[in-house]
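Trainee: Residue numbers (our numbering), protein chains in the order written: chain A, 1 to 357; chain B, 358 to 619.
Glycine included, every Cβ here is placed at the ideal spot set by N, Cα and C.
Quantities reported herein were computed from a predicted structural model and do not represent experimental measurements.
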């Protein structure tokens, strides 16, 4: 039943505005891929193109070898879960869930049995006779999920399904969604702007910006080895320090930041390091030290904030504004000087940035 | 702690009620009077002026015409207005903003002007029969109400509900009837009632479009008043009132119930 989704060189316009540019994406059978990005990045457009509510200007969409590109939306056989649930207000919970089966000409008795079984799975069969208006947000989204799953679609798509729920319920629901998706082995596309949500439930995540996929990888790779500055910033590498290689000695490379601070990096760890590159770290990856020594980037400390597990310092350096975390045991005073030492384990080497920040 | 409404507020509210209900009481009272002239309070009680309505052929005929025109024009206006309101809301972003204004224009134009221009264009210009001219005029007259009221209903309709139905395999046209329409039921009923009342009570537009042999009830009432001053006018007004209320009740019942039964 489950099928692979293949999107090939998809381009889309709203009027004369290009909203999606040459987007290619493959989702394996049974895989859950998230499209992650800020609003306007093209993630919802991509979903609507796949669903058939928009037509692409170029490119193809295939599901299990079937070409969907020009197929009307109601013939695509895709389960959809919406942000605002989109339940039919005038139909009971049972009729909502049975709606898709009814469209497929499933006989009444079987319809009821299957809808009932699906409602059992999401724990809502006691509410089968209620109207959607009488349900809570979490219950509504369970009904929406049941309604989409009961037709056993080869592809399931979620459009920010948890955005209208409160924080606690969001976490519970995403676990539930993932469990149901796993159990059914349904190929899924999940659109969200919430990084934690995307990373926690996806096999792979596509980070999108301005109608393009910036990087498509497993959450682990995205989180630890972003491929470019955009993704690095997106996953929390707040410090992007431009560096220049000054000498090479076998696998060891010495690089210099603006202001002359030097750093030794091993190519065994980072792969081939180009002559000009950007060193990316999270605040945790820059150790703040005021003790004796010559390594690290000299900095003037600005505002100090308390994070619970560490102090965070806003720092001014010759290499620009950096954010670093320091130990709780040795609080440093704002206005003082310190050195920021990159922790190699928590650094990333990116191709030199074009200077846009 | 409950605050008592001030005496002034009660007095103003009472005054408003008197103004609203007063004329109705007077008309109903006058229609029951046994005298041969209009008077209130009624002197003697009699239903003979109600009987009299049906003895005057012109009244009999115009009641039928008015009902026909009201039902047909309301029906036509809904047939045009529902899809128009749907399109205006569904494709709001794609459509130019002035388009929705076009549908309100007939309300902004004085009815007399509408009537006169229709006389020039439809009745004389295209020389349509009187009944057809009346029908076109009334349809134009009530269309804005239909579009506005149904638009208001659709404005709070979440179109992702429609998309959900389509994604579940329901073709767009079918989805409109099974999903969209039932959810704007209240708007359609309100539009029907408003349009019907507007049509059946209309004088200004009809004045230009009625002609020899075919007239509407309000025009006939006007003609009657010019010659007679008996309580027939009061009783025919009461009849018009009850006719309207009856239609409202029937619409509310049937339309409301059929939609509820899916």
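So, does the CB of residue 80(A) fall closer than 8 Å to a CB anywhere in chain B?
Mentor: As a first step, residue 80(A) is located in the first chain; it is residue number 80 there, counting from the start. By this cut-off, residue 80(A) is an interface position.
Trainee: Distance cutoff 8 Å, beta carbons only. Does residue 521(B) sit that close to anything in chain A?
Mentor: Within the second chain, residue 521(B) is the residue found at index 164, counting from 1. It does: the Cβ of residue 521(B) has a partner Cβ on chain A nearer than 8 Å.
Trainee: Based on the DSSP secondary-structure assignment, which residues constitute the bridge partners of residue 209(A)?
Mentor: Along the first chain, read from residue 1 onward, the residue named residue 209(A) stands at position 209. The partner list for residue 209(A) (beta bridge, DSSP) reads 212(A).
Trainee: Quick one: is residue 355(A) near chain B, going by C-beta distance under 8 Å?
Mentor: Taking the first residue of the first chain as position 1, residue 355(A) is located at position 355. Residue placement at residue 355(A) is poorly supported in this model, since its pLDDT is 46, which falls under 50; the coordinates are not used for a value here.
Trainee: Thinking residue 338(A) and residue 325(A) are a contact (beta carbons under 8 Å), I'd like their distance in whole angstroms, please.
Mentor: One-based indexing of the first chain puts residue 338(A) at position 338. One-based indexing of the first chain puts residue 325(A) at position 325. Residue 338(A) to residue 325(A), Cβ: 12 Å. No contact.
Trainee: Between the segment 150-178 of chain A and chain B, which residues of the former have CB atoms less than 7 Å from a CB of the latter, in chain order?
Mentor: Answer in chain order: 151.
Trainee: Can you name, in chain order, every residue of its own chain whose Cβ lies under 8 Å from the Cβ of residue 492(B), other than the five neighbours on each side?
Mentor: For the purposes of this step, residue 492(B) is identified with residue 135 of the second chain, where counting begins at 1. If we look at residue 492(B) and ignore the five residues flanking it on each side, its Cβ neighbours are 426, 429, 430 and 433.
Trainee: Which same chain residues end up closer than 8 Å to residue 104(A) when comparing Cβ atoms and leaving out the 5 residues on each side of it in sequence?
Mentor: Residue 104(A) sits at position 104 when you count from the first residue of the first chain. Cβ within range, chain order: 151.
Trainee: Might you give, ordered along the chain, the residues of its own chain that have their beta carbon closer than 7 Å to the beta carbon of residue 604(B), omitting 5 neighbours on each side?
Mentor: Mapped onto the second chain, residue 604(B) falls at position 247. Within the same chain, residue 604(B) has close Cβ partners 553.
Trainee: How many angstroms separate the CA atom of residue 347(A) from the CA atom of residue 207(A)?
Mentor: Against the first chain, residue 347(A) aligns to sequence position 347. Against the first chain, residue 207(A) aligns to sequence position 207. Computed Cα separation, rounded: 20 Å.
Trainee: For residue 63(A) versus residue 12(A), is the C-beta spacing smaller than 8 Å?
Mentor: Taking the first chain and counting its residues from 1, one reaches residue 63(A) at position 63. Taking the first chain and counting its residues from 1, one reaches residue 12(A) at position 12. Contact flag unset, no.
Trainee: Any chance the segment 409-423 of chain B sits against the segment 580-599 of chain B, with 3 or more Cβ pairs inside 8 Å?
Mentor: At 8 Å Cβ cutoff, the stretches touch.
Trainee: Measuring alpha carbon to alpha carbon, tell me which of 77(A), 327(A), 22(A) and 334(A) ends up nearest residue 315(A).
Mentor: Along the first chain, read from residue 1 onward, the residue named residue 315(A) stands at position 315. Nearest C-alpha to residue 315(A): 334(A).
Trainee: Determine the direct distance from the alpha carbon of residue 270(A) to that of residue 302(A), and round the result to whole angstroms.
Mentor: Indexing the first chain from 1 puts residue 302(A) at position 302. Indexing the first chain from 1 puts residue 270(A) at position 270. Their Cα atoms are separated by approximately 31 Å.
Trainee: Who are the neighbours of residue 358(A) on chain B, taking C-beta pairs under 9 Å?
Mentor: Residue 358(A) lies beyond the range of chain A shown here (1 to 357); nothing can be said about it.
Trainee: If you measure between the beta carbons of residue 47(A) and residue 214(A), is that distance less than 8 Å?
Mentor: On the first chain, position 47 is the one that residue 47(A) refers to. On the first chain, position 214 is the one that residue 214(A) refers to. In this structure, residue 214(A) does not lie closer than 8 Å to residue 47(A) by Cβ.
Trainee: What's the call for residue 31(A), buried or exposed, on a 16-neighbour Cβ count within 10 Å?
Mentor: As a first step, residue 31(A) must be located in the first chain, where it is residue number 31. With 16 or more other Cβ atoms within 10 Å, it is buried.
Trainee: Is the beta carbon of residue 298(A) sitting closer than 8 Å to the one on residue 317(A)?
Mentor: Residue mapping note: residue 298(A) aligns to position 298 of the first chain, counting from 1. Residue mapping note: residue 317(A) aligns to position 317 of the first chain, counting from 1. Contact flag set, yes.
Trainee: Can residue 234(A) be considered in contact with the ligand HEM, in the sense that its beta carbon sits closer than 7 Å to one or more heavy atoms?
Mentor: Ligands in the displayed structure: none, and consequently the ligand HEM is not present.
Trainee: Relative to the C-alpha of residue 344(A), which residue among 244(A), 331(A), 287(A) and 124(A) is closest?
Mentor: Taking the first chain and counting its residues from 1, the one referred to as residue 344(A) is at position 344. It is 287(A) whose Cα lies nearest to the Cα of residue 344(A).
Trainee: Enumerate in chain order the residues of its own chain whose CB-to-CB distance from residue 522(B) is below 6 Å, with the five nearest sequence positions on each side excluded.
Mentor: On the second chain, residue 522(B) is found 165 positions in, with the first residue counted as 1. Closer than 6 Å at Cβ, skipping near neighbours: 532 and 536.
Trainee: Measure the alpha-carbon distance for residue 610(B) versus residue 543(B) and round it to whole angstroms.
Mentor: Looking up residue 610(B) in the second chain gives position 253. Looking up residue 543(B) in the second chain gives position 186. Their backbone Cα atoms lie some 12 Å apart in a straight line.
Trainee: If we count the other Cβ atoms within 10 Å of its Cβ and call it buried at 16 or more, is residue 334(B) buried or exposed?
Mentor: The requested residue 334(B) does not occur in the structure, where chain B is confined to residues 358 to 619.
Trainee: Quick one: measure Cβ to Cβ for residue 147(A) and residue 82(A), integer angstroms, because I've assumed they're closer than 8 Å.
Mentor: On the first chain, position 147 is the one that residue 147(A) refers to. On the first chain, position 82 is the one that residue 82(A) refers to. Rounded, the Cβ-Cβ distance is 10 Å, inconsistent with contact.
Trainee: Note down, in chain order, each residue of its chain lying with its Cβ closer than 7 Å to the Cβ of residue 558(B), except the 5 sequence neighbours on either side.
Mentor: Position 201 of the second chain, counted from the start, is the residue given in the question as residue 558(B). For residue 558(B), where only same-chain residues beyond five positions count, the Cβ hits under 7 Å are 575.
Trainee: From residue 361(B) to residue 367(B), what does the alpha carbon distance come to, in whole angstroms?
Mentor: Within the second chain, numbered from 1, the residue matching residue 361(B) stands at position 4. Within the second chain, numbered from 1, the residue matching residue 367(B) stands at position 10. When rounded, the distance between both Cα atoms is 10 Å.
Trainee: What are the boundary residues of the beta strand (DSSP E) that includes residue 242(A)?
Mentor: The residue labelled residue 242(A) in the question sits at position 242 within the first chain. 239-249 is the extent of the beta strand (DSSP E) around residue 242(A).
Trainee: When the Cα atoms are used, what is the spatial distance from residue 475(B) to residue 452(B)?
Mentor: Against the second chain, residue 475(B) aligns to sequence position 118. Against the second chain, residue 452(B) aligns to sequence position 95. Whole-angstrom Cα-Cα distance: 28 Å.
Trainee: For residue 541(B), which of 446(B), 529(B) and 601(B) has the nearest alpha-carbon?
Mentor: Counting from 1 along the second chain, the entry for residue 541(B) is found at position 184. Comparing Cα positions, the closest option is 446(B).
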